[in-house]
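Sequential numbering from 1303 applies to the sequence shown in the working numbering. Below: the structure, in C-alpha cells.
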Amino acid sequence: MALEIDDLPGAIRQAKKELRAALPNYREVFAEVEKAIGEEAKRIASERDRGENVIPEIQFSDIAGQRVTAEQIALVKARGACVIRNVFSRALVQSWDEDIAHYVERNNLDKRLENRAEDKYFGQLASSKPQIYGVYWSKPQVLARQSESLTAARVFLNKLWRNESDGRVHFDPEHVPVYADRLRRRPPGSASLGLSAHCDGGSVERWIESNFRKVYRHVFAGNWRDYDAFDAAFRPDVEEIASPAVCSMFRTFQGWTALTPQGPGDGTLQLVPIANSMVYILLRALQDDVDDDDLCGAMPGRALSIKREFHAPLFEALSSIPKMEAGDTVFWHSDVIHAVEDEHKGAGYSNVMYIASVPACGKNDAYLKRQLPSFLKGESPPDFPTDHFEVDFTGRATPDDLTPLGKAQLGFDL
C-alpha cells in the first residue's frame, strides 16, 4: 500500500512533537551520535586519503566456495557496502554491452528519449541525473538477473541480514525476486550529469510512517547503539509515498553490474560507507535549528537529500568506489548515502545495469504481481515513469528467454 498524507507540514510538526516527547534528551543523544559518526567519517577519510580501499572487496569465487571470512562480513556490515569481483566473465559482459548498444540503436531509443515522461524523483538534488535509459527488458538485463552467479551473490547478501526475530520470519533470503531497473550509458566527457548525495527507499516517511518508526525504534528511543541496520524487523511492512522511481520493493542492497571498466573520475558511484549513518540523519532533523515543519529539506516522493548545511560530518567520508572491471558488481545497503560524480573524465563509456538484491516477502510478492504484466507487454515497470519505450522494440526479451529460475524470480508461479 502507498502512504497518503494530506497535510504534510502538519504531519511533520506532529511527528517531531511525538518523537521529541518520547526522547526528551534528544539534544544530548544527538551530540553523542554526532561525535561517534564524525569520528568514523574522519577514520574512513584518512584511510581513503592514504590510498586504502574503504569499500570492502570480495571475490565471487570466495562466495561460491563459502570462503568469505567473518572479518570480511563484519567489515561489509560496518561499511554497508561491498564490491564483488568477477561475478561474470569479462568476455560475456562485453558481448552484453555490445548487444545493449545495438538494442537501443536499432530501436531508435535516443529519439524516443526526447519525449520521455518527466521523472521528478531527483528534481530537488543539486545536480540533475546521470544518463539513465528507461530500458528494462533487453536480453542482457534479463539474462544477468536470472544468472546463477548473480543469484548466488544476492543470496549471500540477503543472508547478511537478520531475517527472523521475535518468532516472526521477515523474509526468505534464499529466493531472489527480480526488481527490474534501468541502464546507465554514460559517454566520456559528459559533465553535470551526476547525482548529489541522497538515500532512496523513503524520505519524510522515515519519521512519519508507523512501521518506519518501528524500524528505527532504538534510535528514536535514544538507544542508538542498539540499532542494527541489518535487522529486517518491520522493513517489509513500511509504506512509501507513491512516486515515479520510488522503489516499492524491500531491497536489502541496491546495486549495479559494471558493463565497462570504470573508476574514480569516470562519473562513477560515490558512497558514505557508514551503515549506521541513518542514525545521524534521523536525529539531526529533531534538533532545534531545524524548523518544526521541516526534516532537513526532505521532500515527499523524492530521494532523501543529504545536505552539507545539515549533514556536514557525513560528507568527509563520501568516497568514490574503486576501479571496476566489466563483470564486477557493487552493492550498498538500502539506507546508505550515495551520489554520482558530476563529470566523466575518462576515455570510454561508463555503462552499468542496475540490479539490486531483493529477498522474497509479502511486500515483494505483491510488487511482482504488478510487475509481471510489464514484462509480458514490454512496458515500464510499476515504479517507473510510464514511458513504455520497449512495447514495440525488436529483440526484447520474452518468456522464451527465461530459465525456470528466471520465471520464478519474475513471479510466474505466484
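All C-beta atoms, glycine included, are put in the ideal place defined by N, C-alpha and C.
| Query | Result |
| --- | --- |
| Under 7 Å Cβ to Cβ from G1340, same chain only, skipping five residues before and after it: list those, please. | P1615 |
| Quick one, which of L1573, A1535, E1511, I1608 has its alpha-carbon nearest S1622's? | L1573 |
| Please classify L1310: does DSSP put it in a helix, a strand, or coil? | helix |
| What are the boundary residues of the beta strand (DSSP E) that includes R1486? | 1485 to 1488 |
| Considering only residues of the region 1371 to 1456, which uninterrupted alpha helix (DSSP H) runs meet the minimum length of 4 residues and lie entirely inside it, listed in chain order? | 1372 to 1381, 1392 to 1408, 1411 to 1415, 1441 to 1448 |
| At a cut of 8 Å, does the region 1540 to 1551 reach the region 1442 to 1451 through at least three beta carbon pairs? | no |
| So is P1701 buried or exposed if we call it buried at 16+ other beta carbons inside 10 Å? | exposed |
| Please look up how many angstroms separate the CB atoms of Q1448 and L1707, rounded, as I've assumed it's under 8 Å. | 5 Å |
| I need the straight-line Cα distance from A1380 to D1694, nearest angstrom please. | 45 Å |
| Go through its chain and collect everything with a Cβ distance to F1555's Cβ below 7 Å, but skip five positions before and after it. | L1459, F1633, W1634, H1635, S1636, A1658, S1659 |
| Would you mind reading off the limits of the alpha helix (DSSP H) that contains Y1328? | 1328 to 1351 |
| Spatial neighbours of A1347 within its chain, please: C-beta separation below 7 Å, excluding the five flanking residues on both sides. | E1618, A1619 |
| Along the alpha helix (DSSP H) that carries I1583, what are the first and last residues, could you check? | 1579 to 1586 |
| Return the chain-ordered ranges of every alpha helix (DSSP H) run that is complete within the region 1580 to 1656 and spans a minimum of 4 residues. | 1610 to 1617 |
| Please say whether A1455 and I1357 have beta carbons closer to each other than 7 Å? | no |
| Could you tell me if G1491 is buried or exposed, where buried requires 16 or more neighbouring beta carbons within 10 angstroms of its beta carbon? | exposed |
| Contact between the region 1582 to 1602 and the region 1314 to 1326: three or more CB pairs below 8 Å? | yes |
| Are at least three pairs of beta-carbons, each pair with one atom in the region 1468 to 1488 and one in the region 1576 to 1592, less than 8 Å apart? | no |
| What is the C-beta distance between L1561 and D1399, in whole angstroms, given that I count them as a contact (C-beta under 8 Å)? | 4 Å |
| If we ignore side chains and look at the alpha-carbon of each, how far apart do R1435 and A1535 end up? | For clarity, residue 1435 is Tyr in the given sequence; the question names Arg instead. Spanning the two alpha carbons is a distance of roughly 34 Å. |
| With three or more beta-carbon pairs closer than 8 Å as the criterion, would you say the region 1662 to 1677 touches the region 1470 to 1479? | yes |
| Per DSSP, which residues does R1527 bridge with? Please list them. | Bridge partners of R1527: none, in fact. |
| How would you call P1311, buried or exposed, if buried means at least 16 neighbouring beta carbons within 10 angstroms? | exposed |
| Select from E1643, R1486, N1327, V1378 the residue whose C-alpha is nearest the C-alpha of A1531. | V1378 |
| Closest to M1580 by CA distance: which of D1539, G1648, G1504 is it? | G1504 |
| Judging by CA-CA distance, which residue of V1521, S1498, I1375 is the nearest neighbour of R1508? | V1521 |
| When you compare the CB positions of Y1438 and P1675, do they come within less than 7 Å of one another, or not? | no |
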